[in-house]
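>
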Ligand code: 13P
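Residue numbers (the working numbering): 13 to 275.
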């Protein structure tokens, strides 16, 4: 499990900004530039930094990252699993890979709840993202009703098991999972760091059971849900938590930079 000797985790923390449906490409360029002014090489060494703009901003952000040689990872918020064809409105894994996208958020609760994504669809997307050489950030999390009924562990275990079905253990080890309790997203109400740590520990054990101990020990698992500069340090102090998937507080460079520099 996590090696927290000397205050360092053995897994490199990863902070990803999920911008959701915010920012035009012009805004996105500004935020990435500002973010880069606020972060230093030590920050990037200590923590992986990823931004996930809308599809329409990916090309613009990629250009800024390349031009300035920024160590900021580019992520997409969604993908379709087919390579090409008559799928109006969809974007394929290779189209993203060609734009130097390295992470793809898969199965966000908003996609599951608003757009009807099932565990089977999430699994197809996870496999397609890996096949195209990118890393999935696979999301899971329970509703408030499920939490109150004591079903948190069962729900996330089911989602994780289905999402990882048929994925090679070495590929599982390199993935990122984001545990995002749905009731904590955009509500200002975050899970207690201890609760988040416990559920993430459950997910890690689940991954170890499915893909072996090395994969369980290696996979990075983020917490998401109302992460902000004022609560990130307590969340990151938990041994099982390897970073955050940040919505609202990643939209402004100042806040997101503070989150990246939580220590
Ligand atoms: P907030 O940080 O706005 O609660 O959003 C969390 C989230 O859904 C990130 O994917």
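Each residue gets a CB set at the ideal place from its N, CA and C atoms; glycine is no exception.
So within the stretch 43–98, which uninterrupted alpha helix (DSSP H) runs reach at least 4 residues, ignoring any that extend past its ends?
Taking only runs of at least 4 residues, the alpha helix (DSSP H) segments lying wholly in the stretch 43–98 are 53–58, 67–79.
> Let's test the definition: count the other Cβ atoms within 10 Å of the Cβ of residue 232 and tell me whether it reaches 16, buried, or not, exposed.
Counting from 1 along the chain shown, the entry for residue 232 is found at position 220. It counts as buried.
> Helix, strand or coil for residue 27 per DSSP?
Counting from one through the chain shown, the residue named residue 27 turns up at place 15. Residue state, collapsed to three classes: strand.
> Taking the continuous beta strand (DSSP E) assigned at residue 33, which residues delimit it?
Numbered from 1 along the chain shown, position 21 holds the residue referred to as residue 33. Run containing residue 33: none; DSSP gives neither H nor E here.
> Under 7 Å: does the beta carbon of residue 85 sit that close to some heavy atom of the ligand 13P?
Here residue 85 corresponds to residue number 73 of the chain shown, with the count starting at 1. For the ligand 13P, not one heavy atom lies less than 7 Å from the Cβ of residue 85.
> Does residue 209 pass the burial test, meaning 16 or more other C-beta atoms within 10 Å, or should it be called exposed?
Here residue 209 refers to the residue found at position 197 when the chain shown is read from its first residue. Answer is buried; the Cβ neighbour count reaches 16.
> Smallest Cα separation from residue 118: which of 111, 147, 94?
The count along the chain shown starts at 1 and reaches residue 118 at position 106. Here the closest residue by C-alpha is 147.
> Is the number of C-beta pairs between the stretch 212–228 and the stretch 165–172 that are closer than 8 Å three or more?
Contact holds: three or more Cβ-Cβ distances are below 8 Å.
> Look at the Cβ atom of residue 254, then the Cβ atom of residue 50, and state whether they are nearer than 8 Å.
The residue given as residue 254 occupies position 242 in the chain shown. The residue given as residue 50 occupies position 38 in the chain shown. No, the Cβ-Cβ distance between residue 254 and residue 50 is not below 8 Å.
> Taking C-alpha atoms, which residue in 250, 258, 247 lies nearest to residue 236?
Numbered from 1 along the chain shown, position 224 holds the residue referred to as residue 236. Measuring from the Cα of residue 236, the nearest candidate turns out to be 258.
> Label residue 99 either buried or exposed according to how many other C-beta atoms from any shown protein chain fall within 10 Å of its C-beta, with 16 as the threshold for buried.
Along the chain shown, one-based indexing puts residue 99 at 87. So residue 99 ends up on the exposed side.
> I'd like to know whether the C-beta atoms of residue 165 and residue 211 end up nearer to each other than 8 Å.
Along the chain shown, one-based indexing puts residue 165 at 153. Along the chain shown, one-based indexing puts residue 211 at 199. It is a contact, given that the beta carbons lie within the stated cut-off.
> Going straight from the alpha carbon of residue 72 to that of residue 263, what length do you get?
On the chain shown, position 60 is the one that residue 72 refers to. On the chain shown, position 251 is the one that residue 263 refers to. Those two C-alpha atoms are separated by around 16 Å.
> Sorted by chain position, which residues of the same chain lie with C-beta nearer than 7 Å to residue 269's C-beta, five sequence neighbours on each side aside?
For the purposes of this step, residue 269 is taken as the residue at position 257 of the chain shown. Counting only Cβ-Cβ distances below 7 Å, and skipping sequence neighbours, we find 47, 50, 51.
> Mind checking residue 182: buried by the 16 CB within 10 Å criterion, or exposed?
What you label residue 182 is simply residue 170 of the chain shown in a count that begins at 1. Residue 182 comes out exposed.
> Between the Cα of residue 173 and those of 158, 220, 196, spot the shortest distance and give me the residue it belongs to.
Stepping through the chain shown from its first residue, residue 173 is reached at position 161. Among 158, 220, 196, the Cα nearest to that of residue 173 belongs to 220.
> Tell me whether the stretch 148–163 and the stretch 187–199 touch, counting them as touching only if at least three CB pairs, one residue from each stretch, are closer than 8 Å.
Taking 8 Å as the limit for Cβ pairs, the verdict is that the stretch 187–199 does touch the stretch 148–163.
> Can you check the stretch 195–256 for any alpha helix (DSSP H) of at least 4 residues that lies completely inside it and give the ranges in chain order?
Taking only runs of at least 4 residues, the alpha helix (DSSP H) segments lying wholly in the stretch 195–256 are 205–223, 225–230, 244–248.
> Along the chain, where does the alpha helix (DSSP H) that runs through residue 164 open and close?
Position 152 of the chain shown holds residue 164. Taken as a continuous stretch (DSSP letters only), the alpha helix (DSSP H) holding residue 164 covers 164–175.
> For residue 15, count the other beta carbons within 10 Å of its own beta carbon; 16 or more makes it buried, fewer makes it exposed. Which is it?
Mapped onto the chain shown, residue 15 falls at position 3. Residue placement at residue 15 cannot be trusted, given a pLDDT of 42 that sits under 50; the coordinates are not used to answer.
> So is residue 17 buried or exposed if we call it buried at 16+ other beta carbons inside 10 Å?
Locating residue 17 in the chain shown gives position 5, counting from the first residue. Low confidence applies to residue 17: its pLDDT is 39, below 50, so where it sits in the model is not reliable enough to give any reading.
> Per DSSP, residue 148 forms a beta bridge with which residues?
As a working mapping, residue 148 is identified with position 136 in the chain shown. DSSP lists 116 as partners of residue 148.
> With hydrogens ignored, establish whether the beta-carbon of residue 120 is closer than 7 Å to any heavy atom of the ligand 13P.
On the chain shown, position 108 is the one that residue 120 refers to. Because some heavy atom of the ligand 13P lies under 7 Å away, the Cβ of residue 120 counts as near it: yes.
> Check this for me: beta carbons of residue 271 and residue 239, under 8 Å apart or not?
The residue labelled residue 271 in the question sits at position 259 within the chain shown. The residue labelled residue 239 in the question sits at position 227 within the chain shown. In this structure, residue 239 lies closer than 8 Å to residue 271 by Cβ.
> Roughly how many angstroms lie between the CA atoms of residue 163 and residue 75, to the nearest whole one?
Here residue 163 refers to the residue found at position 151 of the chain shown. Here residue 75 refers to the residue found at position 63 of the chain shown. Whole-angstrom Cα-Cα distance: 44 Å.
> Taking the straight line between their C-alpha atoms, what separation do you get for residue 40 and residue 142?
As a first step, residue 40 must be located in the chain shown, where it is residue number 28. As a first step, residue 142 must be located in the chain shown, where it is residue number 130. When rounded, the distance between both Cα atoms is 26 Å.
> Taking the alpha-carbon of residue 207 as reference, which of 247, 224, 226 has the nearest alpha-carbon?
What you label residue 207 is simply residue 195 of the chain shown in a count that begins at 1. When only C-alpha atoms are compared, the closest one is 247.
> In chain order, what residues of the same chain have a beta carbon less than 8 Å from the beta carbon of residue 115, not counting five sequence neighbours either side?
To locate residue 115, count along the chain shown from 1; it is residue 103. 28, 62, 64, 85, 86, 87, 88, 146, 147, 148, 149, 188, listed in sequence order.
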